[in-house]
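Contents: one structure, followed by commentary.
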Amino acid sequence: MDLFIFLGPAGSGKGTQAQYLISSFNFSHISTGDLLRAEVKSGSEMGKNVQSIITKGDLVPDKIIIAIIKGHLSEVSKDTSIPGIVFDGFPRTIDQAMALDSLIKSMSLNLKALVQFDLSLEDSIIRISGRQVDSRNNKVYHKVFNPAPKDAHPYLVQRDDDSEEKVRYRFEVFQKETAPLILHYRSIIYQIDCSKSIADIHEQMDQLVQSEIALGG
Ligand code: AMP
Numbered sequence: 061m062d063l064f065i066f067l068g069p070a071g072s073g074k075g076t077q078a079q080y081l082i083s084s085f086n087f088s089h090i091s092t093g094d095l096l097r098a099e100v101k102s103g104s105e106m107g108k109n110v111q112s113i114i115t116k117g118d119l120v121p122d123k124i125i126i127a128i129i130k131g132h133l134s135e136v137s138k139d140t141s142i143p144g145i146v147f148d149g150f151p152r153t154i155d156q157a158m159a160l161d162s163l164i165k166s167m168s169l170n171l172k173a174l175v176q177f178d179l180s181l182e183d184s185i186i187r188i189s190g191r192q193v194d195s196r197n198n199k200v201y202h203k204v205f206n207p208a209p210k211d212a213h214p215y216l217v218q219r220d221d222d223s224e225e226k227v228r229y230r231f232e233v234f235q236k237e238t239a240p241l242i243l244h245y246r247s248i249i250y251q252i253d254c255s256k257s258i259a260d261i262h263e264q265m266d267q268l269v270q271s272e273i274a275l276g277g
């Protein structure tokens, strides 16, 4: 099974492009942010432990994240009809990347590319201020750039950590903890210019996935 890691700051369009790969290529999407928010919503012990960390914009401890990923990866990898998985928001630290490296070895997975979504702090703030999430299915929309369909309107919510202040803080955390992963994965980086339209980036994603699948192995 092929893996693609999506790396980029809040608002860079990772979730939107992951949705595209799900609908176009039947990929599976593992978003640690979505999984953590589901834990918070369910009121589980883990959810209670991580809620304040997420709301503040800090990173949840690696141990918790790695356990979540292990569970999901072993579930998803059983489904042989799925050609690939997109990791959205994982790994976010060097320790998470090293844990993923060993999972890849032990589960015979193929890490195809680290897709780097480049976005400035200013653009991250602009994008996040208009972000809306459909609370039924976590689909992400933007008031101006990607409006939600009418039937979703009653279900649209704004995330607790999407205020300008929190976005600034999350951007700092991203630069400090997550940006160093670019060096770790330097041989498989595929860069996306986030100033392009969603449709143009869809096209780039098509090219990437088709060329990687054509390469096989
Ligand atoms: P996201 O939806 O990817 O923006 O994630 C929302 C929040 O969940 C982050 O600000 C972190 O608090 C937490 N989180 C998500 N993924 C991770 C991860 N891989 N490592 C640590 N914390 C994470």
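Each residue of the sequence shown is one higher than the one before, starting from 61 at the first, in the numbering used here. No residue lacks a Cβ here, since even glycine has one placed at the ideal position from N, Cα and C.
Coarse secondary structure for R228, derived from DSSP in three states: The three-state reading of DSSP puts R228 in helix, counting H, G and I together.
Compare the Cα-Cα distances from L163 to each of Q176, I126 and R152 and report the closest residue. Distances from the CA of L163 to each of Q176, I126 and R152 were compared; the closest alpha carbon is that of I126.
Cβ of D122 within 8 Å of any heavy atom in ligand 1? If you check the C-beta of D122 against ligand 1, you find a heavy atom less than 8 Å away.
Completely contained alpha helix (DSSP H) runs for the segment 94-146, where each covers 4 or more residues: As summarised for the segment 94-146, the continuous alpha helix (DSSP H) elements at least 4 residues long and confined to that stretch are 105-116 and 122-136, given in chain order.
Any idea which residues DSSP pairs S83 with across the strands? DSSP output for S83 lists no bridge partner at all.
L268 - DSSP class collapsed to helix/strand/coil: Helix at L268.
Is it buried or exposed, M167, if we count other Cβ atoms within 10 angstroms and call 16 or more buried? Within a 10 Å sphere around the beta-carbon of M167 sit fewer than 16 other beta-carbons, which makes this residue exposed.
Using the Cα positions of S83 and N197, report the straight-line distance between them to the nearest angstrom. Roughly 14 Å between the two C-alpha positions.
Assumed close pair D62, N170 - CB separation to whole angstroms, cut-off 8 Å: Going by Cβ atoms, the distance from D62 to N170 rounds to 5 Å, so yes, they are a contact pair.
Which value, in whole angstroms, describes the spacing of the CA atoms of S104 and T92? A straight-line Cα-Cα distance of about 16 Å links S104 and T92.
Let me know the secondary structure DSSP gives I233 once reduced to three states. Correcting the residue identity first, residue 233 is Val in this sequence and not Ile. Three-state DSSP puts V233 in a helix.
By the three-class DSSP mapping on this structure, what secondary structure does L241 have? Under the three-state reduction of DSSP, L241 is assigned to helix.
Among all the DSSP beta bridges, which residues are the ones paired with H262? Its beta-bridge partners do not exist; DSSP assigns none.
Could you check if F150 belongs to the surroundings of ligand 1, using beta carbon to heavy atom distance under 8 Å? Flag set: Cβ of F150 near ligand 1.
In the DSSP assignment, find the unbroken alpha helix (DSSP H) run with R152 in it and report its ends. Where R152 is concerned, there is no enclosing alpha helix (DSSP H), because DSSP gives it neither an H nor an E.
Rank Y245, E182, V204 and H213 by C-alpha distance to the C-alpha of L160 and give the top, closest one. Measuring from the Cα of L160, the nearest candidate turns out to be Y245.
On the premise that D253 lies in contact with D178, defined as a C-beta separation below 8 Å, what is that separation, rounded to the nearest angstrom? That belief holds up - the Cβ atoms of D178 and D253 are roughly 6 Å apart, short of 8 Å.
Could you tell me which residues DSSP pairs with Y215 in its beta bridges? Y215 pairs with nothing; no bridge assigned.
Where do the N-terminal and C-terminal ends of the alpha helix (DSSP H) with R187 fall, by residue? Counting along the chain, the alpha helix (DSSP H) containing R187 begins and ends at L181 to S189.
Residues in the same chain with beta-carbon distance under 7 Å from R152, minus the five sequence neighbours each way, listed in chain order, please. Hits under 7 Å: L119, E237 and T238.
Going by the DSSP bridge assignment, what does L173 pair with across the sheet? For the sequence presented, residue 173 should be read as Ala rather than Leu. Looking at the DSSP output, A173 shares a beta bridge with F64.
With DSSP run on the structure shown, which of helix, strand or coil describes S166? Secondary structure of S166 (DSSP, three-state): helix.
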